[in-house]
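I have placed the structure first, in the form of structure tokens, so that the comments after it can refer back to it.
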Amino acid sequence: LMIVVAIIAILAAIAIPAYNQYITEARIAKVTEHYDAATRVVRAHMAKVAAHEARGGTALSNPTTAQAWIDDVIDPDSKSTAPEGGPGYETTTANAADGVVAVTVNAGAVSIIRPEYPSAANGGGGITATSTTIDPANI
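Numbered according to the working numbering, the sequence shown spans residues 881 to 1019.
Put into structure tokens, the structure is as follows:
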């Protein structure tokens, strides 16, 4: 019986850290996917509007606020969730503790901000913070 308990303890000592690393990597992938998806969708929408305007159309336009970008273009179904729960996108600052990607608008240009995740306060060792600004004048 002691041998069985020892074997189980050894397996648990190996499996638990591996499982925790797997969970961390999955959460990092989720933050990265939110960032990449938002960048792709914003570029595509701006290109669609620019092409429509180049053909003489006037019915399409880019959203003017960060919340409108999130609600109308990036996450219209509100299905994206942060790794730690809650919405996947915010309009203020990127939330490193929860892995929330920020969206801001300045003079028509949209900035997508990926937080450092997990944050240094939560162990770090994941992805670094980065941002992309997409200007409709450059599409």
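All C-beta atoms, glycine included, are put in the ideal place defined by N, C-alpha and C. Source: prediction; values computed, not measured.
Whether A982 touches D1015 by CB criterion (7 Å): no
Counted within 10 angstroms of its Cβ, other Cβ atoms place R920 as buried (16 or more) or exposed: exposed
Three CB pairs or more closer than 8 Å across the segment 946–957 and the segment 965–972: yes
Presumed contact (8 Å Cβ cut-off) between N907 and G1005, rounded CB distance: The residue you asked about is not Asn; residue 907 is Arg in the sequence shown. Not quite, the Cβ-Cβ distance comes to about 12 Å (not below 8 Å), so this is no contact.
Contact under 7 Å by Cβ, A976 with S1011: no
N-terminal and C-terminal residue of the beta strand (DSSP E) that R907 is part of: Annotation: R907 is outside any beta strand (DSSP E); the continuous alpha helix (DSSP H) that includes it extends over 882–934.
Among T973, P963, V985, I1007, nearest to I903 - alpha-carbon criterion: Taking I903 as reference, the option from T973, P963, V985, I1007 with the minimal CA-CA separation is P963.
Under the three-state DSSP convention, the category N1018 falls into: helix
Proximity below 7 Å, CB of A974 to CB of P943: no
Rounded C-alpha distance that separates A948 from I1007: Answer to the nearest angstrom: the Cα atoms are 27 Å apart.
Residues bridged to N986 [DSSP beta-bridge criterion]: A989
Pick from A924, L891, T984 that is closest to N1018, judged by C-alpha positions: A924
Closest residue to T1013 among Y997, A918, T938 (Cα-Cα distance): The residue with the shortest Cα to Cα distance from T1013 is A918.
A987 versus V885, A946, E905, residue with shortest Cα-Cα distance: Comparing alpha-carbon positions, the option among V885, A946, E905 lying closest to A987 turns out to be A946.
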